[in-house]
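Numbered per the numbering used here, the sequence shown spans residues -12 to 567. All residues carry an ideal CB built from backbone N, CA and C; glycine is no exception. Scroll down for the structure; my scribbles are underneath it.
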Amino acid sequence: MNTTIKAIPMVLAGQALNSLRDSGYDLATALGEPVDNSLEANANLVQIRLDQSTNDRGKKHIHQIVIADDGDGMNEDTLWHYLQLGYSSRYMSKKTIGKYGVGAKLAALNFARRIDVWSRTADGPWRHVYFDLDEVRQGEQGGEVPGIAQPEEMEVPAELKLKLPSSSGTIVVWSKVDRLEDGRRAPDANELRLEVEKELSRIFRYFLHGGRRITVNETDLVLFDPLMSMDQSWADQVLSDHYSNAKATKGAKKKPREEHFGSKLIWEEPVKIEGHEALVRITLYPREVLRKRGTGGDKLAKKLRLPENEGKISFVRLDREVSYTNVPRIFGRAVQEPDRFIGIEVSFTPELDDYFGIRNVKRGVEPHGELRERIRTIIKKYVTTARKEIDEVWGAAARDTLSTQGEHASILDAAKNAGRTLPSGRAKGPESQEEKDQLLDDLARDVVGSDVDKEKERLEYIERLKELPFVVESVDFPGTQFVDIQHVAGKVLIRLNTRHRFYREMWAPVREIASLDAGSVSGADAVKAARRTIEALTLMMIAFGKAESMHEDPQEQYGELRSYWGQFLSSLMGKVKDIV
């Protein structure tokens, strides 16, 4: 041991900073750090540019990132300290977005080995400072003490090809970027750019809604609101395009572009802790988003980013989202698919940072202790309320579908494709066109109704029938017969009698349970329905066998029928699944 040296450096700067490059930032979260600084400096426009090139191994990658703003700029002393780890003009402030003085530096080093900064105030020249990790490590190995040189007056290089702010502003350049090759963070630079746009438009939605501008590669960000309460949002654009381009169908008006599709506020409640408040807001997405059961993963839903929202909570600190995440066990039950239609936001001020676990890296926010329990109670209660409203909307949509398309529409559409490979039927049915039309009209009247004002709906229903090889409808007709089957021009028309005991005691209750979400059905109800279904299906087979026994030679009469029935049942079940 060398006893002449009284102390050694607490930190080997070069090695420590190289280790801190693995701080766990994704690119969007990293870019959020310098954007924070720009907004705190009163910038009205923040421009981000991702520059792409090909590296020595022939792989495309983003080699440089530029963040420029028209904010207040930094004086010489502030600029000198800007790259100093731990320095912040707002250090541990309770009134600003930043507080630790490490975010922008660690974020840059997570992807780049060099940071250059140019800044000027309204009445000053452009000044420049930089930090190069490679130079620091080399100098440290040679015994130099790492440091940041004083700012120098220096114009912004023309090769950056920037439209400079007319007055004050700051430009930050991350270069020697070595962690953004195609396929490493995203399939390619375009996908990475889209991800950055998506995340930043949500993180800074309040600033965008207030009129600040953020661009990525010259594309203005459109705010994304996971509560769907703000106007002029991404959801408004998507829904306006969807409904204005939709084909005009019965009862569907074309909606004008730029319409606001606002959510419904289910509940809003402040939670007070030590004289400070966190605000919990829960919203239910509009009916144009809810639509009907089973649409939460379709093309429109993905454009609206619904699957990503399932069970997520947006935590917002001083109008800046610091986390959008699932919090374990805070719903009081397992997260389920309908939860993607519910927006949840918890906003708070810096005085509650400790309760939310705010860290120097804006990730992993989660309420703790008494605050968590109180938020959990609110979410559990009012998410349940929202879920009930979703079921009501979907139930109404299902009833509307039944009234115009019939109970079995979804299965029939699926069976239409499966029917292409089945043998063609030999049944002739009625010969005359008049008789064929009459059978279809009778069925349309059974399903849609016989009123004079239903004529258009009946004609539309008949047109849909012409495209289907099988038609099954639940209708009301007298007698003990459960199934009535007609054959018309190669089509099989099947009517189920809703008066029959089998339908009332087995079919209808099971259908009702199937239309509900799993979270709204008790285990006892599900077991009871399953047992009654087994009973009823068994009794159906017994009844079929008994009906056969009424013929003197059932094998001769019904043997071929049984064979075809089993064959077609197996084939259809193999091709039609998870439709209801």
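Using the three-state DSSP reduction, which class does D471 fall into: helix, strand or coil?
On the sequence shown, residue 471 is found 484 positions in, with the first residue counted as 1. Residue state, collapsed to three classes: strand.
Leaving out the 5 sequence neighbours to the left and right, which residues in its chain are closer than 8 Å to S463 when beta-carbon positions are compared?
Numbered from its first residue, the sequence shown carries residue 463 at position 476. In the sequence as presented, Ser is not what sits at residue 463; that position holds Asp. Hits under 8 Å: D433, N484, T485 and R486.
Tell me whether H247 sits in a helix, a strand or coil according to DSSP, three-state version.
For this step, residue 247 is matched to residue 260 along the sequence shown. Note: H247 maps to coil in three-state DSSP.
Hey, out of E394, Y448, E547 and I345, whose CA is closest to R498's CA?
Within the sequence shown, numbered from 1, the residue matching residue 498 stands at position 511. Here the closest residue by C-alpha is E394.
Are R307 and F191 touching if we call contact CB-CB under 8 Å?
What you label residue 307 is simply residue 320 of the sequence shown in a count that begins at 1. What you label residue 191 is simply residue 204 of the sequence shown in a count that begins at 1. For R307 and F191, yes; Cβs fall inside 8 Å.
F335 lies in the beta strand (DSSP E); which residues open and close that run?
Here the question's residue 335 lines up with position 348 in the sequence shown. From DSSP, the beta strand (DSSP E) with F335 extends over I329 to F335.
Considering only the beta carbon of each residue, do V160 and A15 sit closer than 8 Å?
Taking the sequence shown and counting its residues from 1, one reaches residue 160 at position 173. Taking the sequence shown and counting its residues from 1, one reaches residue 15 at position 28. Going by C-beta atoms, V160 is not nearer than 8 Å to A15.
For F555, which of helix, strand or coil comes out of DSSP?
Against the sequence shown, residue 555 aligns to sequence position 568. In the structure shown, F555 sits in a helix (DSSP, three-state: H, G or I).
By DSSP, does F457 sit in helix, in strand, or in coil?
By 1-based counting over the sequence shown, the position of residue 457 is 470. Three-state DSSP puts F457 in a strand.
State buried or exposed for V459, treating a residue as buried only when at least 16 other CB atoms are found within 10 Å of its CB.
As a working note, residue 459 is residue 472 in the sequence shown. Buried.
State the DSSP-derived secondary structure class of S550, mapped to helix, strand or coil.
As a first step, residue 550 must be located in the sequence shown, where it is residue number 563. In the structure shown, S550 sits in a helix (DSSP, three-state: H, G or I).
Look up N24 in the DSSP assignment and say whether it is helix, strand or coil.
Residue mapping note: residue 24 aligns to position 37 of the sequence shown, counting from 1. Helix, per DSSP.
Indicate the three-state DSSP secondary structure (helix, strand or coil) for Q125 in the structure shown.
What you label residue 125 is simply residue 138 of the sequence shown in a count that begins at 1. Three-state DSSP puts Q125 in a helix.
Who are the Cβ neighbours of E547 in its own chain at under 6 Å, not counting the five residues just before and after it?
Here residue 547 corresponds to residue number 560 of the sequence shown, with the count starting at 1. None.
Leaving out five residues before and five after D471 in sequence, what residues of the same chain have Cβ atoms less than 6 Å from its Cβ?
Within the sequence shown, residue 471 is the residue found at index 484, counting from 1. Result list for D471: R482, in chain order.
Strictly under 8 Å for the Cβ-Cβ distance: is P337 near chain B by that measure?
Protein chains in the displayed structure number just one, and chain B is not present.
If I follow the unbroken alpha helix (DSSP H) through L187, where does it start and stop?
In the sequence shown, the residue the question calls residue 187 occupies position 200. Residues A176 to I190.
Do you know how far the Cα of V439 is from the Cα of S558?
In the sequence shown, residue 558 corresponds to position 571, counting from 1. In the sequence shown, residue 439 corresponds to position 452, counting from 1. So the two alpha carbons sit approximately 41 Å from each other.
Does the separation of the CB atoms of I329 and V370 fall below 8 Å?
Walking along the sequence shown from the start, residue 329 turns up at place 342. Walking along the sequence shown from the start, residue 370 turns up at place 383. Yes, the pair counts as a contact, with Cβ atoms nearer than the cut-off.
Shortest alpha-carbon distance to R346 belongs to which of L93, A431 and E522?
As a first step, residue 346 must be located in the sequence shown, where it is residue number 359. Comparing Cα positions, the closest option is L93.
DSSP puts F302 in a beta bridge; with which residues?
To locate residue 302, count along the sequence shown from 1; it is residue 315. Note: F302 sits in a beta bridge opposite S310 and V333.
Using three-state DSSP, classify I345 as helix, strand or coil.
On the sequence shown, position 358 is the one that residue 345 refers to. Looking at I345 - three-state DSSP - the assignment turns out to be coil, as it is neither helix nor strand.
Once DSSP output is grouped into helix, strand and coil, what is the label at Q137?
Position 150 of the sequence shown holds residue 137. Reduced to three states, the DSSP call for Q137 is coil.
Beta-carbon separation of Q39 and A176 under 8 Å?
Start at 1 with the first residue of the sequence shown, and residue 39 comes out as number 52. Start at 1 with the first residue of the sequence shown, and residue 176 comes out as number 189. Yes, they are a contact pair.
Which one or two residues does DSSP pair with R200 in a beta bridge?
Position 213 of the sequence shown holds residue 200. R200 pairs with L32.
With H, G and I counted as helix, E and B as strand and the rest as coil, what does DSSP make of A414?
Residue numbering aside, residue 414 sits at position 427 when the sequence shown is read from its first letter. Coil.
Please report the straight-line C-alpha distance between M141 and R320, rounded to a whole angstrom.
As a working mapping, residue 141 is identified with position 154 in the sequence shown. As a working mapping, residue 320 is identified with position 333 in the sequence shown. Near 59 Å, if we compare the C-alpha coordinates of R320 and M141.
According to DSSP, is K237 helix, strand or coil?
The residue you call residue 237 lines up with position 250 of the sequence shown. With a pLDDT of only 43 at K237, under 50, the local geometry of the prediction cannot be trusted, and the value read off the model is given with reservation. Three-state result, K237: coil.
Return the residue from the list D285, L167, P174 and K290 that minimises the CA-CA distance to I49.
Residue mapping note: residue 49 aligns to position 62 of the sequence shown, counting from 1. When each option's Cα is compared against that of I49, the closest is L167.
Suppose the cutoff is 8 Å on Cβ atoms and the five residues either side in sequence are ignored; what does the same chain contact list for L147 look like?
The residue labelled residue 147 in the question sits at position 160 within the sequence shown. Excluding sequence neighbours, L147 sits near V53, I158 and V160.
Which residue or residues does DSSP assign as beta-bridge partners of S106?
As a working mapping, residue 106 is identified with position 119 in the sequence shown. S106 is bridged to R114 and T157.
Pairing CB atoms from the stretch 53 to 68 with CB atoms from the stretch 26 to 42, are three or more of them under 8 Å?
These segments touch.
Taking the straight line between their C-alpha atoms, what separation do you get for K234 and P21?
Your numbering for residue 234 matches position 247 in the sequence shown. Your numbering for residue 21 matches position 34 in the sequence shown. With a pLDDT of only 46 at K234, under the threshold of 50, the placement of this residue in the model should not be trusted, and no figure is reported.
Specify whether the stretch 398 to 412 and the stretch 281 to 301 touch according to this definition: at least 3 beta carbon pairs, one from each stretch, less than 8 Å apart.
No contact exists between the stretch 398 to 412 and the stretch 281 to 301.
What are the start and end residues of the alpha helix (DSSP H) that includes V209?
Start at 1 with the first residue of the sequence shown, and residue 209 comes out as number 222. Element bounds for V209: n/a, residue is neither H nor E.
Are I102 and L149 closer than 8 Å when you measure CB to CB?
Translated into positions along the sequence shown, residue 102 becomes position 115. Translated into positions along the sequence shown, residue 149 becomes position 162. Contact: no.
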